[in-house]
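Enquirer: One structure is given below, represented as structure tokens, and several questions about it will come after.
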Amino acid sequence: MRQEGILQHSASRLLGLIPTLLVLITIAFFMIRLAPGGPFDSEKILPPEIKANLEAKYHLDEPLVKQYFRYLGQIITLDFGPSFQYKDWTVNELIARGFPVSLTIGGLAIVLAFFLGTLIGIVAAMRQNTAVDYSLMGVAMLGISIPNFVVAPLLILLVAVYAGWLPAGGWDWSVQRMVLPVVTLALPAIAYIARLTRGSMIEVLNSNYIRTARAKGLPEHLVIRRHALKPALLPVISFMGPATAGLITGSVVIERIYSIPGLGSYFVQGALNRDYTLVMGVVIFYGVIIILLNFIVDILYAWMNPRIRYNEAQ
Amino acid sequence: MALLEVTGLQVKFDTPEGEVQAVNDLDFSVKHGESLAIVGESGAGKSQAVMAIMGLLAKNGSATGKAKFKGQDLMQMSRKELNNIRGCEIAMIFQDPMTSLNPFLTIEKQMVEVITYHQGLRRGEARAHAVEMLRAVRIPAPEERIKQYPHEFSGGMRQRVMIAMGLLCEPSLLIADEPTTALDVTVQAQITHLVGEMRQKSNMALILITHDLAVVAEVCDRVLVMYAGQVVETGSVEDIFYRPQHPYTQGLLDSVPRMDRPADDELHSIPGNPPNMMDLGSGCHFRDRCSKAMDVCKDDPPLQVAQDGRLSRCFIAIENAGMDNSERVASGTDSAEDSTETAE
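Residue numbers (the numbering used here), protein chains in the order written: chain A, 6 to 319; chain B, 110 to 453.
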């Protein structure tokens with residue numbers, strides 16, 4: 006019954022993803038076309054014949070609606086087409102090159118953020134309104150409010166330039182070069198998760214069923230681990246979906262400052278150059294990842310919360 | 110020796126508005142196998158008194174005083190020592206069964222952990238014992254039901270689960286904090302009977318906190334009436350019900366709807382509100398609402414032995430205690446008539 010509930014839940018959710026994706030593609034497609042300029046506009050004005058040839062090659066001379074359906078037909082085969090700007094590269098190749106890097110940094114950052122954030126949150130909640138709590142939450146507030154384009158240069162300056170412990174940037178898949186970008190990326194997420202965990206943990210610890218658990222004579226560590234952790238982590242889990250998507254798809258700022266060849270820089274370059282296929286490819290890729298992660302979060306949520314599970318199953 | 114002897118219990122809460130004195134110098138005791146009711150209006154400090162004894166006060170609350178259970182002072186115990194007693198020797202069931210069970214864990218997990226933690230039994234044995242206990246509180250198909258989550262149970266059934274969970278280690282004292290308040294009227298009686306029945310079966314002592322006086326009459330031996338954090342009267346059920354001495358007790362009894370009054374008779378209530386617990390002042394705390402208040406009530410009335418060996422915190426009761434036996438009986442009837450008059 007338990008398994009069935011989850012399966013049913015998953016199946017209905019998956020079907021609901023298709024229209025979401027279609028809406029995303031449609032809006033993105035027409036919005037990037039609405040932006041002034043085109044992929045072949047540059048400071049050097051091309052002779053009209055050459056421009057016309059180029060546009061004909063990429064079907065840009067066709068009516069917009071026709072282009073739209075052509076594009077839909079193309080991406081059904083998972084082919085995002087050639088990049089307009091990076092000649093000799095297809096969008097698929099660019100994503101395949103940039104995403105593993107962004108995924109590594111973002112994935113490590115989100116794992117770090119989850120464990121450290123929840124740990125800090127739980128400790129703060131258990132020491133509610135004490136000096137420990139106030140200092141942890143004060144630091145967390147700083148972590149949220151200082152933007153990463155400030156944190157990154159500061160870290161580079163302190164850790165790389167002055168102390169010389171780690172390289173200042175660059176990318177060669179080595180752990181040394183991952184540390185600073187991962188930490189920079191994780192800091193705001195750690196802070197946010199810590200605050201989220203603290204809040205929900207305090208609420209749970211004041212609930213009647215925690216009082217029951219204490220009245221049963223269970224030691225506090227069991228009360229926390231067995232009775233309070235799951236409900237207190239629910240809001241964190243729902244935050245994890247969009248947060249993971251945001252982190253693993255690459256941060257432009259981080260990738261720029263640490264000179265990392267991730268997905269984020271392609272996205273910004275693509276948008277600036279009106280590289281329609283690249284922008285569309287990355288947008289759809291982002292969209293799919295966000296939708297998938299939210300879907301995973303939904304499943305996790307249902308799995309953790311028996312009340313949702315059974316309501317869906319019945 | 111009393112099973113539980115509470116002396117000088119003080120409970121305070123730090124609130125943003127100031128310090129609230131929820132319980133003020135409370136003394137009471139419960140003998141082995143005895144059943145004590147604590148009654149009083151909301152905010153009288155009934156629940157907070159037992160929460161303090163169980164170490165379950167909210168974070169802004171603090172308690173002083175003594176609570177000797179089998180000779181050991183619960184208030185002086187470390188958390189670890191207290192945990193050996195809570196849930197094992199003293200069990201507690203709460204007002205709201207809808208929220209008192211963990212919605213994320215099956216009934217089985219929540220019951221089994223009590224046994225494995227306190228008695229060190231293995232899972233299988235613990236589970237068998239839990240099923241047996243669910244059957245004892247008359248939950249149908251306990252082998253199936255134990256695998257379910259709390260939301261699959263009705264309110265009354267959840268309270269049965271709470272009772273079963275409390276009784277797993279055969280406690281010598283059960284504290285029931287308004288166990289029927291949140292339930293349907295039809296279910297209330299069943300739960301009350303169940304508590305009374307389980308108590309007699311295992312000969313455990315019971316502290317029942319309630320404002321339902323009908324429940325008290327059915328289940329309890331002794332009554333403790335609380336008002337504004339203090340005991341105002343305590344005695345046997347018969348004394349309190351038929352010969353109340355304190356005007357507050359009389360008022361409480363008059364507030365119970367009765368079948369033997371005319372149907373169009375207006376329901377009696379005690380005028381006014383309980384006092385502000387942040388600023389109690391001196392003298393009898395009930396005097397502003399009392400129909401019999403006198404000048405002397407500005408002084409603190411002592412909790413004194415009135416007639417029949419009961420305790421009462423009222424100057425009138427003290428005066429009555431001074432009279433001889435025949436007058437005492439007469440005055441008892443008088444006061445009963447008085448209270449009927451106020452009701453009309």
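Even glycine gets a Cβ: it sits at the ideal position worked out from N, Cα and C.
Please read these numbers as outputs of a predicted model, since none were measured by experiment.
Taking all protein chains shown into account, decide if B:V294 is buried (16 or more other Cβ within 10 angstroms of its Cβ) or exposed.
Expert: Exposed, because fewer than 16 other Cβ atoms sit within 10 Å of the Cβ of B:V294.
Enquirer: Is B:E279 helix, strand or coil when you go by DSSP?
Expert: Three-state DSSP puts B:E279 in coil, outside helix and strand.
Enquirer: Closest Cβ-Cβ distance between A:G222 and chain B: below 8 Å?
Expert: Taking Cβ atoms only, chain B reaches closer than 8 Å to A:G222, which makes this a yes.
Enquirer: What are the boundary residues of the beta strand (DSSP E) that includes A:V164?
Expert: Counting along the chain, A:V164 falls outside any beta strand (DSSP E), and DSSP gives it neither H nor E.
Enquirer: Identify the residues that DSSP records as bridge partners of B:E252: which are they?
Expert: DSSP, once it has assigned bridges, lists no residue as partnering B:E252.
Enquirer: Which first and last residues belong to the alpha helix (DSSP H) in which A:T189 is found?
Expert: First-last of the alpha helix (DSSP H) with A:T189: 180-210.
Enquirer: How do the stretch 239-246 of chain A and the stretch 289-305 of chain A stand: do at least 3 beta-carbon pairs fall below 8 Å, yes or no?
Expert: Touching, per the Cβ criterion.
Enquirer: Spell out whether any CB of chain A is found under 8 Å from the CB atom of B:P212.
Expert: So, interface residue.
Enquirer: Is the CB of A:H232 under 8 Å away from at least one CB in chain B?
Expert: For A:H232, the answer is yes, since a Cβ of chain B falls inside 8 Å of its Cβ.
Enquirer: DSSP puts B:K175 in a beta bridge; with which residues?
Expert: B:T116, per the DSSP bridge assignment.
Enquirer: Could you check what DSSP says for B:M242 in three-state terms: helix, strand or coil?
Expert: B:M242: helix per DSSP, three-state reduction.
Enquirer: Report the partner residues of B:A426 according to the DSSP bridge assignment.
Expert: In the DSSP output, where bridge partners are listed per residue, B:A426 has none listed.
Enquirer: I'd like to confirm the pairing. Which residues does DSSP put opposite A:I100 in its beta bridges?
Expert: None; A:I100 has no bridge partner.
Enquirer: Contact criterion: CB-CB distance below 8 Å. Does A:A16 meet it with respect to chain B?
Expert: No, no contact with chain B.
Enquirer: Ordered along the chain, which non-local residues of its own chain (more than five positions away) have a Cβ less than 7 Å from that of B:D409?
Expert: Counting only Cβ-Cβ distances below 7 Å, and skipping sequence neighbours, we find S391, G392.
Enquirer: Where does B:R231 sit, in a helix, a strand or coil, going by DSSP?
Expert: Reduced to three states, the DSSP call for B:R231 is coil.
Enquirer: Under the rule that 16 or more other beta-carbon atoms within 10 Å means buried, what is B:M271, buried or exposed?
Expert: So B:M271 counts as buried.
Enquirer: Taking the C-alpha atoms as reference points, what is the distance between A:I313 and A:N211?
Expert: Cα-Cα distance, rounded: 22 Å.
Enquirer: Give, in chain order, every residue of the stretch 68-92 of chain A whose Cβ lies closer than 7 Å to some Cβ of chain B.
Expert: The stretch 68-92 of chain A vs chain B, Cβ under 7 Å: nothing.
Enquirer: Within its chain, find whatever has a CB closer than 7 Å to the CB of A:L192; leave out the 5 residues flanking it on each side and keep chain order.
Expert: Around A:L192: G148, V156.
Enquirer: In chain order, what are the residue ranges of uninterrupted alpha helix (DSSP H) at least 4 long that sit wholly in the stretch 142-189 of chain B?
Expert: 155-163, all fully within the stretch 142-189 of chain B.
Enquirer: Can you give me the C-alpha to C-alpha distance between B:A153 and A:S15, rounded to a whole angstrom?
Expert: Whole-angstrom Cα-Cα distance: 51 Å.
Enquirer: Quick check on B:N429 - is its C-beta less than 8 Å from some C-beta in chain A?
Expert: Not one chain A Cβ lies under 8 Å of B:N429.
Enquirer: The alpha helix (DSSP H) spanning B:I307 covers which residue range?
Expert: The sequence shown places Met at residue 307 of chain B, rather than the Ile named in the question. 294-311 is the span of the alpha helix (DSSP H), which, as asked, contains B:M307.
Enquirer: So, is A:T254 buried or exposed, given that buried needs 16 or more other C-beta atoms within 10 angstroms?
Expert: The residue in question, A:T254, is buried, as its Cβ has 16 or more Cβ neighbours within 10 Å.
Enquirer: For A:L153, which residues of its own chain have a beta-carbon under 6 Å away from its beta-carbon, when the five flanking residues on both sides are left out?
Expert: According to the sequence displayed, residue 153 of chain A carries Asn and not Leu. Hits under 6 Å: T189, V258.
Enquirer: To the nearest angstrom, how far is the alpha carbon of B:A285 from that of B:E128?
Expert: Going by the C-alpha atoms only, they are around 27 Å apart.
Enquirer: Taking B:S138 as part of the alpha helix (DSSP H), name the residues at either end of that continuous run.
Expert: Taken as a continuous stretch (DSSP letters only), B:S138 belongs to no alpha helix (DSSP H), being part of the beta strand (DSSP E) at 127-139.
Enquirer: Among B:S421, B:G164, B:E143, which has the Cα closest to the Cα of B:A176?
Expert: Looking at the Cα atoms, B:G164 is the closest of the given residues.
Enquirer: Among the residues of its own chain, which have a CB less than 6 Å from the CB of B:A146, if the five just before and after it don't count?
Expert: Here the set comprises L317, V325, C329, V332.
Enquirer: For chain A, find out if any of its Cβ atoms is closer than 8 Å to the Cβ of B:R267; answer yes or no.
Expert: Not closer than 8 Å to any Cβ of chain A, the Cβ of B:R267 fails to qualify, so no.
Enquirer: Please list the partners that B:G196 has in chain A, where partner means a Cβ-to-Cβ separation under 7 Å.
Expert: Near B:G196 (Cβ distances below 7 Å), the residues of chain A are A220, K221, G222.
Enquirer: Secondary structure at A:S150, three-state DSSP: helix, strand or coil?
Expert: Note: A:S150 maps to helix in three-state DSSP.
Enquirer: With respect to the alpha helix (DSSP H) encompassing A:R219, which residues constitute its N-terminal and C-terminal limits?
Expert: That run of the alpha helix (DSSP H) goes 213-220.
Enquirer: What does the Cβ neighbour count give for B:A167, buried or exposed, with the cut at 16 atoms within 10 Å?
Expert: So B:A167 ends up on the exposed side.
Enquirer: So, using beta-carbon positions, are A:G239 and A:N310 closer together than 8 Å?
Expert: According to the sequence displayed, residue 239 of chain A carries Leu and not Gly. Yes, the pair counts as a contact, with Cβ atoms nearer than the cut-off.
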